[in-house]
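This note's numbering puts the first residue of the sequence shown at 0, with every later residue one more than the last. Even glycine gets a Cβ: it sits at the ideal position worked out from N, Cα and C.
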Amino acid sequence: MITEKKLKSTLVDPSGVPNTHTRFQLNSIQKVSLFYLFLVPFLTLMLGFGIGHVHWQWYLPGWLANTLLMLAALQILLKQRPSGDPFITVASLLLIVPWIIFPIFAGMGRPPQTVRGWLELVGEQHVRYSLLISGGIIAYLGTALLYQFLRSKEKVFTTLGISLMTLALPLFLINMAYWGSFLSEAFNHFKTAARPDWYQPFQELLLLIDTIQVSLIYLASAMFALALGRTGHFRPVAVRIYVAVSLIAALLNLIPPSAPVPFSVISYLVSVPAIPLVMFYLMGINLLRTDPAD
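Have a look at this one:
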């Protein structure tokens with residue numbers, strides 16, 4: 000067994016209070032595992048938007064293979080992790096789990112853009128949004144455990160983070176239920192090409208709900224990053240990256256679909272339901288590299 004060395008450095012968190020941050024030097028296998036885990040969301044996006052929809056007989060085996068690889072990579076990282084407060088380990092894993100589920104969307108591609116296309120793949124859309132609902136709930140549980148772990152050490156940003164997630168979750172569930180269930184039934188009952196009078200106003204309402212919940216999740220990830228920085232779990236440079244990306248994404252999400260290209264495209268990308276949860280996924284992976292005993 001290859002032993003690991005603790006790397007300690009004195010950090011200054013955003014409040015100006017020095018923290019001792021402990022990370023572990025990784026061996027070659029662990030570095031490959033970590034790199035693969037970091038790569039998964041980006042590969043999923045590239046395949047989902049680049050190749051698009053393929054038959055389930057092709058993407059399901061690929062998703063299962065990826066799941067096994069991710070679980071193996073996590074086991075390798077956890078194997079040498081020192082024992083400590085179980086809250087941080089379980090919280091990290093809960094933040095990671097949604098993005099073990101979501102790579103199946105690489106084979107499903109983006110949702111169909113026509114009523115006929117949607118109805119032809121209505122079963123897949125039910126599955127897609129059911130998985131998103133499950134992933135959102137699991138991620139929320141991860142942030143709840145993270146709140147429990149951090150609240151005795153840092154109150155302000157931790158409380159803001161869990162409050163924002165608590166506000167976002169019901170809106171997220173409403174939005175996913177609308178797309179996965181209500182909209183499918185509505186499409187199925189449209190008798191002509193004309194839309195009912197309620198359809199456009201309802202679309203605008205759901206667009207507003209979607210915009211609010213996505214920005215709330217990004218803001219929550221920024222708050223938790225600040226809390227993790229102040230408690231010494233993340234280095235200042237990592238905190239700045241998390242906060243900057245989260246805040247920029249939250250602002251880009253506010254750009255309306257009617258905006259010109261490329262602004263509307265960028266706004267669409269940051270608002271894809273699984274994308275905001277990438278921030279928490281990356282936090283979970285980074286937390287596995289810190290010493291929970293600190």
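* Please classify Thr113: does DSSP put it in a helix, a strand, or coil? => One-based indexing of the sequence shown puts residue 113 at position 114. In this structure, Thr113 counts as coil in the three-state DSSP scheme.
* **Uninterrupted alpha helix (DSSP H) stretches inside the segment 44 to 112 (no shorter than 4 residues)** => 55 to 78, 85 to 95, 97 to 100 and 104 to 107
* Just checking my contact of Tyr280 with Pro102 at CB under 8 Å: how many whole Å lie between their CB atoms? -> Position 281 of the sequence shown holds residue 280. Position 103 of the sequence shown holds residue 102. No, Tyr280 and Pro102 are not in contact; Cβ-Cβ is about 11 Å, not under 8 Å.
* Asked: Which runs of the alpha helix (DSSP H) fall wholly inside the segment 241 to 288 and span at least 4 residues, in chain order?
  -> 262 to 270 and 276 to 286
* Quick one: residues in its chain with C-beta nearer than 6 Å to the C-beta of Leu38, no 5 flanking neighbours on either side, listed in chain order? => Residue 38 sits at position 39 when you count from the first residue of the sequence shown. Closer than 6 Å at Cβ, skipping near neighbours: no residue.
* Check whether the segment 195 to 204 touches the segment 258 to 273, counting contact only when three or more Cβ pairs, one atom from each stretch, lie closer than 8 Å. => no
* To do: Kindly indicate the opening and closing residues of the alpha helix (DSSP H) around Asn187.
  => Along the sequence shown, one-based indexing puts residue 187 at 188. Run containing Asn187: Leu182 to His188, per the alpha helix (DSSP H) assignment.
* Starting from Ser162, trace the alpha helix (DSSP H) both ways and give me its first and last residue. => What you label residue 162 is simply residue 163 of the sequence shown in a count that begins at 1. Ser162 -> alpha helix (DSSP H) spans Val155 to Ala176.
* To do: Take the Cβ of Trp181 as the centre, count every other Cβ of all protein chains shown within 10 Å, and call the residue buried at 16 or more, exposed below.
  => For the purposes of this step, residue 181 is taken as residue 182 along the sequence shown, with counting starting at 1. The question names Trp, yet the displayed sequence has Phe at residue 181. So Phe181 ends up on the exposed side.
* Are Tyr160 and Ala219 close, meaning C-beta to C-beta below 8 Å? -> If you number the sequence shown from 1, residue 160 lands on position 161. If you number the sequence shown from 1, residue 219 lands on position 220. The identity of residue 160 in the sequence shown is Gly, whereas the question assumes Tyr. Yes, the pair counts as a contact, with Cβ atoms nearer than the cut-off.
* Asked: Can you give the beta carbon distance from Leu33 to Leu76, rounded, assuming they're within the 8 Å contact cut?
  -> As a working mapping, residue 33 is identified with position 34 in the sequence shown. As a working mapping, residue 76 is identified with position 77 in the sequence shown. So it is a contact: roughly 7 Å between Cβ atoms.
* Just how far apart, CA to CA, sit Leu10 and Leu44? -> As a position in the sequence shown, residue 10 is number 11, starting the count at 1. As a position in the sequence shown, residue 44 is number 45, starting the count at 1. Caution applies to Leu10, whose pLDDT of 42 falls short of 50 and renders its modelled position unreliable; the model cannot decide the point.
* Asked: Run through DSSP, which three-state label would Gln202 get?
  -> Taking the first residue of the sequence shown as 1, we reach residue 202 at position 203. Three-state DSSP puts Gln202 in a helix.
* Leaving out five residues before and five after His305 in sequence, what residues of the same chain have Cβ atoms less than 7 Å from its Cβ? -> One cannot answer for residue 305 here, as it falls past the ends of the chain, which runs 0 to 293.
* Asked: Given that a residue counts as buried once 16 or more other Cβ atoms are within 10 Å of its Cβ, and exposed if not, what is Leu131?
  -> Position 132 of the sequence shown, counted from the start, is the residue given in the question as residue 131. Result: buried.
* To do: Tell me whether Arg239 sits in a helix, a strand or coil according to DSSP, three-state version.
  => For the purposes of this step, residue 239 is taken as the residue at position 240 of the sequence shown. Reduced to three states, the DSSP call for Arg239 is helix.
* **Alpha-carbon spacing of Ser162 relative to Phe171, whole angstroms** => In the sequence shown, the residue the question calls residue 162 occupies position 163. In the sequence shown, the residue the question calls residue 171 occupies position 172. One C-alpha to the other measures close to 14 Å.
* Distance, Asn187 Cα to Ala248 Cα -> Here residue 248 is taken as the residue at index 249 of the sequence shown, counted from 1. Here residue 187 is taken as the residue at index 188 of the sequence shown, counted from 1. Distance between the alpha carbons of Ala248 and Asn187 is about 34 Å.
* Around the Cβ of Ile50, are there at least 16 other Cβ atoms within 10 angstroms (buried) or fewer (exposed)? -> For the purposes of this step, residue 50 is taken as residue 51 along the sequence shown, with counting starting at 1. Ile50 comes out exposed.
* Under 7 Å Cβ to Cβ from Gln29, same chain only, skipping five residues before and after it: list those, please. => Along the sequence shown, one-based indexing puts residue 29 at 30. Ile75 and Leu76.
* What number of angstroms, rounded off, separates the C-alpha of Arg231 from the C-alpha of Met164? -> By one-based count along the sequence shown, residue 231 stands at place 232. By one-based count along the sequence shown, residue 164 stands at place 165. In the sequence on display, residue 231 carries Gly and not Arg. Looking at the two C-alpha atoms, the distance is approximately 22 Å.
* To do: Give every residue of the same chain whose Cβ lies closer than 7 Å to the Cβ of Gly166, excluding the five residues on either side of it in the sequence, and list them in chain order.
  => Within the sequence shown, the letter at position 167 stands for residue 166. Reading off the sequence shown, one finds Leu at residue 166, where the question assumed Gly. For Leu166, where only same-chain residues beyond five positions count, the Cβ hits under 7 Å are Leu215.
* Could you check the C-alpha separation between Arg239 and Ile284 for me, to the nearest Å? => Within the sequence shown, numbered from 1, the residue matching residue 239 stands at position 240. Within the sequence shown, numbered from 1, the residue matching residue 284 stands at position 285. When rounded, the distance between both Cα atoms is 17 Å.
* Which value, in whole angstroms, describes the spacing of the CA atoms of Lys152 and Ala226? -> The residue given as residue 152 occupies position 153 in the sequence shown. The residue given as residue 226 occupies position 227 in the sequence shown. Looking at the two C-alpha atoms, the distance is approximately 9 Å.
* Can you tell me where the alpha helix (DSSP H) with Gln124 in it begins and where it stops? -> For the purposes of this step, residue 124 is taken as residue 125 along the sequence shown, with counting starting at 1. Start and end: Val121 to Leu149.
* **Simplified DSSP state of Gln24, which is helix, strand or coil** => As a first step, residue 24 is located in the sequence shown; it is residue number 25 there, counting from the start. DSSP places Gln24 in coil when its eight states are reduced to three.
* Just checking my contact of Gly47 with Phe104 at CB under 8 Å: how many whole Å lie between their CB atoms? -> As a first step, residue 47 is located in the sequence shown; it is residue number 48 there, counting from the start. As a first step, residue 104 is located in the sequence shown; it is residue number 105 there, counting from the start. Going by Cβ atoms, the distance from Gly47 to Phe104 rounds to 5 Å, so yes, they are a contact pair.
* Would you call Val269 buried or exposed, if buried means 16 or more other Cβ atoms sit within 10 Å of its Cβ? -> Numbered from 1 along the sequence shown, position 270 holds the residue referred to as residue 269. Label assigned to Val269: buried.
* **Which of helix, strand or coil DSSP assigns to Phe233** => In the sequence shown, residue 233 corresponds to position 234, counting from 1. Looking at Phe233 - three-state DSSP - the assignment turns out to be coil, as it is neither helix nor strand.
* Short check: CB of Gln147 to CB of Phe86, under 8 Å? -> Position 148 of the sequence shown holds residue 147. Position 87 of the sequence shown holds residue 86. Taking 8 Å as the Cβ cut-off, Gln147 and Phe86 qualify as a contacting pair.
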